[in-house]
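The sequence shown begins at 24 in my numbering and counts up by one.
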Amino acid sequence: MTAAPLVSVLLPVYNAGPYLAAALGSILRQDYCRLEIIAINDGSTDNSLEILERHRQADSRISIISRENRGLVATLNEGLRKAQGELVARMDADDVAYPWRLSRQVALFERRPELGFCGAGVDMLIGGRIARGKPDPVFQFGRIPILAMFFTIFMHPTVVYNRKVIEDDALHYDRTYRHAEDFDLFRRLAGRYPAAMMPENLVVYRVHEASVTSRHSKEMRRTHLRIVAENLEREGLAEYTRDLRDIGDAVSLDTVARAANFIVALEERIGSLPADTRPSFEAGALNLFYFLYQLIADEMQPPLTHELLTQTAKWNVIRRRERYALRPGAWAPWLSRASLSAGRQADAMAYFFKSTPAAAVLAPYELS
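Written as structure tokens, this is what we have:
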């Protein structure tokens with residue numbers, strides 16, 4: 024009988040004190056037992072190391088590396104070098120894995136040993152309540168290597184890498200793509216190895232102001248657009264990508280107009296592609312539009328969002344409530360802002376009533 028594969032869980036830790044016990048507890052209580060946890064304390068100044076040490080005393084499957092701060096990319100690469108497992112699972116110190124996460128991902132690799140890596144869905148933890156995530160329909164018809172050119176195909180803390188398939192020289196994070204290092208790695212791997220998106224939610228992803236995503240959103244967006252631009256240039260779908268890159272540096276009427284023109288030109292080029300790949304490229308381009316839409320909307324300047332929607336002729340791809348709110352954006356921005364604010368309040372109330380209290384879901388997985 025073949026022994027169950029060892030799973031190395033890579034856990035970077037930086038000032039994660041309020042959440043770390045729950046994250047560790049969720050891994051230690053997995054129903055898959057053949058695992059090691061490589062926890063790297065990246066120069067934390069809070070009580071993270073104390074929490075790690077306490078849990079290591081209780082469970083020898085935890086190993087700790089503690090040193091000065093070197094940043095996430097260096098920490099991830101250090102963990103990959105330290106990992107002994109055939110499978111390497113990512114985990115963030117502020118998220119929670121459901122008890123069946125690893126067993127179901129291991130089972131997938133047993134059924135499909137040719138896979139290089141996989142990801143899964145997430146539920147979202149916001150303000151003490153959990154909203155169930157829904158499967159992204161783009162994976163039903165989109166080819167993963169093509170989709171990976173346009174967006175980060177998997178949520179990073181859900182990913183498992185198969186080191187029996189992925190060569191050592193390919194499995195590393197590139198520090199030149201800081202804060203979008205996962206997007207860069209996934210696009211490189213998806214171009215060389217088969218990948219799969221699991222149609223179930225295996226991790227509770229915590230949204231809070233201290234998260235890496237929240238603290239570095241602007242740099243992340245700039246790097247994201249740079250990666251997309253590189254991919255489009257390589258595929259021959261864009262010769263001049265400055266119009267796409269510039270909006271990551273500054274959102275203005277000029278950069279919005281140029282980005283809108285870029286989207287229109289990209290869609291025209293995609294329209295001439297072969298029928299077998301065109302739908303995946305179309306799905307990727309639409310995702311790029313939504314990325315720009317959110318980037319611009321976050322500036323809270325309705326005239327800019329109005330410009331994007333008008334120039335790209337995409338009023339029909341946003342929600343009806345947003346269309347009504349943004350229509351007066353060009354001549355009465357104050358009215359649009361008031362309407363958008365009311366819409367956000369309605370969304371928040373809907374989320375509150377449809378979501379589940381976090382304590383009801385997470386309490387069984389937490390350790391003191």
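Backbone N, C-alpha and C fix where the C-beta goes; we use that ideal spot for every residue, glycine too.
Express the C-alpha separation of residue j and residue i in angstroms, rounding to a whole number.
i, j, result
"S364", "M323", "10 Å"
"H179", "L208", "10 Å"
"I189", "P28", "16 Å"
"R265", "Y316", "18 Å"
"R292", "L260", "6 Å"
"F173", "N254", "8 Å"
"Q128", "A116", "19 Å"
"V183", "G139", "9 Å"
"P217", "E137", "7 Å"
"R244", "T278", "15 Å"
"S275", "R343", "25 Å"
"R198", "L51", "30 Å"
"A143", "W338", "31 Å"
"A26", "A130", "13 Å"
"A371", "S49", "28 Å"
"A81", "I74", "11 Å"
"I286", "F314", "12 Å"
"R210", "H202", "15 Å"
"V227", "A381", "10 Å"
"F162", "S240", "25 Å"
"N100", "N92", "14 Å"
"A320", "L332", "11 Å"
"I341", "F177", "23 Å"
Between the Cα of residue i and those of the options, spot the shortest distance and give me the residue it belongs to.
i, options, result
"L125", "A369, V32, A306", "V32"
"E59", "H78, I74, S86, G48", "S86"
"A383", "R186, G151, A46, G144", "G151"
"Q107", "R57, L148, I74, T68", "R57"
"E330", "A280, R77, D192", "A280"
"W354", "S362, D191, I341, P325", "P325"
"E258", "T300, Y228, D269, A219", "T300"
"P302", "Y263, Y374, I167, A361", "I167"
"M221", "D159, G352, F376", "D159"
"E223", "R77, S83, D146", "D146"
"A298", "G352, E133, F164", "F164"
Report the CB separation of residue i from residue j in whole angstroms; it is logged as a contact under 8 Å.
i, j, result
"L225", "T175", "About 17 Å; that fails the 8 Å criterion."
"A17", "L170", "Nothing in the structure corresponds to residue 17, since the chain is present only between 24 and 391."
"V230", "L318", "Not confirmed; about 18 Å, so no contact."
"V111", "R215", "About 17 Å; that fails the 8 Å criterion."
"T328", "L349", "6 Å"
"S71", "L43", "6 Å"
"M114", "A46", "7 Å"
"L267", "A283", "About 11 Å separates the two Cβ atoms, so there is no contact after all."
Can you list, in chain order, the residues of its chain whose CB lies under 8 Å from that of residue i, leaving out five sequence neighbours each side?
i, result
"L289", "L255, L260, A261, A308, L311"
"F304", "I169, L260, I293, L296"
"K377", "A154"
Please return the same chain residues whose Cβ sits closer than 6 Å to the Cβ of residue i, not counting the five positions on each side in sequence.
i, result
"T98", "P35, I63, D65"
"G271", "R244, R245, L248"
"E204", "V96, Y196"
"G102", "L33, I61, I63"
"T379", "I153"
Keeping to the same chain, check which residues put their C-beta closer than 7 Å to that of residue i; ignore five residues upstream and five downstream.
i, result
"D69", "N38, G40"
Would you say residue i touches the ligand COA, meaning its beta carbon is less than 7 Å from a heavy atom?
i, result
"A361", "The ligand COA is not among the ligands present in this structure, which contains no ligands whatsoever."
Task: the segment 154-163 / the segment 112-126 touching (three or more Cβ pairs under 8 Å) - done: Proximity of the segment 154-163 to the segment 112-126 falls short of the contact definition, fewer than three beta-carbon pairs being nearer than 8 Å.
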